[in-house]
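Residue numbers for the sequence shown, in the UniProt record's numbering: 1 to 382.
Everything on this sheet refers to the single structure shown next.
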Amino acid sequence: MSFIKWFEKFYLIENFFGIYKNYCKFKKVKKCFIVLHVFVQSTLQLIIVLSEFYLLFSSDSTSEFYIVGLYSLVAYINSLSFVLNGVWHSEAFMTFHSSISRLSNHFTSDKELTKSIKKLFWLLLPLVLFFLVFSIYRAVSSIKLFPNSTNPFILGSILVSLTVVRIIIISQNFLSFLSIILVFYLSKSLTLLITTAKKAVRMNDINFGEPRDVTIYQIQEWVGLYRELIICCENVSVAFGQQFVFSLTMTLAHYILMMYHTVCLHAVQQSGAWSLFYALARMILVASVYLLVMVMSLYAGQKLRNQGMKIQQKLASLYNILIVDASLPESKLVKDFIRLIKKNPLRIKLLSKASAGMYMLPFILMLAINYFIVLLQFNHII
């Protein structure tokens with residue numbers, strides 16, 4: 001299907017930024033060049049980060065300069081983890097890609113799926129453009145603090161590096177969301193198949209003497225599709241689980257620096273009202289964007305969990321119709337299918353054994369708000 005081709009193009013573009021989710025499929029010679037690419041890019045970015053520290057600290061150093069330097073360091077470590085994770089878990093990602101390709105080929109004629117994917121594309125396109133502009137904005141904001149005497153080539157290198165680092169972070173969180181939401185849409189198509197069969201069985205049950213429309217072949221086909229969905233969930237968890245945990249940690253570290261930057265350097269130092277308002281507005285904007293980036297995967301994970309439960313409910317309803325004759329092989333197959341679903345629910349495990357879902361959002365917000373209150377109290381603002 002076309003959406004698989006777009007999905008492939010997305011992670012192939014990431015190769016340009018040193019993220020090789022498809023690393024395992026290359027030959028040894030190509031792998032050596034990939035390792036060289038990753039090493040050279042990471043080394044150059046580290047040199048640029050160190051150059052930022054040198055330029056900021058060699059001038060009239062203030063607390064704001066130190067924080068800007070730490071911003072760059074945290075972002076670099078975060079992006080490096082994405083690059084290394086892409087190579088390390090490339091086999092899991094490509095296994096997921098193979099499974100989702102097989103599923104998409106099966107649902108080629110599903111008009112509802114095609115319509116949903118197109119709608120998703122047009123919703124995400126402006127979001128991608130916004131993230132790109134935001135990455136450039138954050139990089140330019142940091143550049144303004146460097147001395148005017150700084151070499152233009154060095155400033156340009158720092159600007160490119162800061163932009164690339166932020167694009168890597170956002171694109172990987174975006175790819176995580178996209179992977180999970182595609183599994184959700186495919187599971188939705190499976191639910192539609194079961195619902196259609198259940199309606200046909202119910203209609204024939206009313207018209208006595210009519211044969212039942214659900215067949216052994218259909219149920220076995222559903223089981224095969226569900227097993228592919230399980231493979232997708234397991235490999236997405238491997239490919240993005242550890243990455244999500246580390247990225248969440250780095251995002252919280254960035255948030256702490258941002259809180260200190262705003263509260264201590266503006267409120268405590270008694271900056272002007274306009275300066276304080278601008279700092280708070282910028283902090284809220286940046287925090288909201290980072291929260292949106294992290295929550296996207298949680299939202300998709302919650303949608304997938306709900307859809308998995310819906311599949312189980314539809315099968316249970318179908319089984320209640322078929323149980324009139326429990327000796328039927330169809331009834332036994334549906335019952336075994338329900339057991340399979342209970343044992344292997346559709347869930348993406350991002351945080352250890354905890355599955356991704358919106359229930360994590362209050363926990364993340366609680367950490368952020370609690371630290372903000374502690375920081376205000378520590379600096380005697382409240």
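C-beta atoms are modelled at their ideal positions from N, C-alpha and C, and glycine is treated no differently.
All values reported here derive from a predicted model rather than from experimental measurement.
Please state the DSSP three-state secondary structure of Lys349. strand
Which residue wins for smallest C-alpha separation from Leu186, given the options Asn105, Phe134, Gln242? Asn105
Just to check my reading of the structure: Gly308 and Arg347 have Cβ atoms closer than 8 Å, yes? What is that Cβ distance to the nearest angstrom? 7 Å
Nearest to Thr114 by CA position, among Trp6, Phe177, Leu162, Tyr217, is which residue? Trp6
Does Tyr54 pass the burial test, meaning 16 or more other C-beta atoms within 10 Å, or should it be called exposed? exposed
Looking at the unbroken alpha helix (DSSP H) that takes in Lys112, where does it start and where does it end? Looking at the sequence itself, residue 112 is Glu, so the reference to Lys does not match. 111-143 is the span of the alpha helix (DSSP H), which, as asked, contains Glu112.
To the nearest angstrom, how far is the alpha carbon of Arg166 from that of Tyr137? 10 Å
Count the other CB atoms within 10 Å of the CB of Glu210; is the residue buried (16 or more) or exposed (fewer)? With a pLDDT of 48 at Glu210, under the threshold of 50, the predicted position of this residue should be treated as unreliable, and no value is reported.
Ordered along the chain, which non-local residues of its own chain (more than five positions away) have a Cβ less than 7 Å from that of Asn306? none
Which term fits Trp122, buried or exposed, when burial requires 16 or more other beta carbons within 10 angstroms of its beta carbon? exposed
State yes or no: is the C-beta of Ala92 within less than 9 Å of the C-beta of Phe184? no
Look at Ala197 and Gln220 and say whether their C-beta atoms are less than 9 Å apart. no
Can at least three beta-carbon pairs, one atom from the region 285-305 and one from the region 247-256, be found at a separation below 8 Å? yes
Does the Cβ of Ile381 have 16 or more other Cβ atoms within 10 Å, making it buried, or fewer, making it exposed? Model confidence at Ile381 stands at a pLDDT of 49, short of 50, so the residue's coordinates are unreliable; what they give is reported in the following sentence. Exposed, since its Cβ has fewer than 16 Cβ neighbours within 10 Å.
What span of residues does the alpha helix (DSSP H) with Ile19 cover, start to end? Unbroken run through Ile19: none, as it is neither H nor E.
Below 8 Å on the Cβ atoms is my contact criterion, and I expect Phe244 with Ser176 to pass it. Report the Cβ-Cβ distance as a whole number of Å. 7 Å
Give the DSSP-derived three-state secondary structure of Leu328 in the structure shown. coil
Whole-number beta carbon distance between Ser90 and Cys32, since they are thought to touch under 8 Å: About 15 Å; that fails the 8 Å criterion.
With a threshold of 16 other CB atoms inside 10 Å of the CB of Ile206, please say whether the residue is buried or exposed. In this prediction, Ile206 scores a pLDDT of 48, lower than 50, which makes its location untrustworthy; no coordinate-derived value is stated.
Helix, strand or coil for Phe107? Go by DSSP, reduced to three states. coil
Could you give the distance in angstroms between the alpha-carbon of Asn22 and the alpha-carbon of Ser171? 15 Å
Cβ separation of Ile180 and Ser101, assumed to be a contact under 8 Å, to the nearest whole Å: Not quite, the Cβ-Cβ distance comes to about 16 Å (not below 8 Å), so this is no contact.
Helix, strand or coil for Thr163? Go by DSSP, reduced to three states. helix
Closer than 7 Å by C-beta to Lys28: which residues in its own chain qualify, once you throw out the five before and the five after it? Chain order, please. none
Helix, strand or coil: how does DSSP classify Phe146 here? coil
Three-state secondary structure (DSSP) at Lys27? coil
Report the option in Gln302, Ile117, Leu44, Lys343 whose CA atom is closest to the CA atom of Ile154. Leu44
What whole-angstrom Cβ distance do Ile168 and Phe337 have, given they're in contact under 8 Å? That belief does not hold up - the Cβ atoms of Ile168 and Phe337 are roughly 41 Å apart, past 8 Å.
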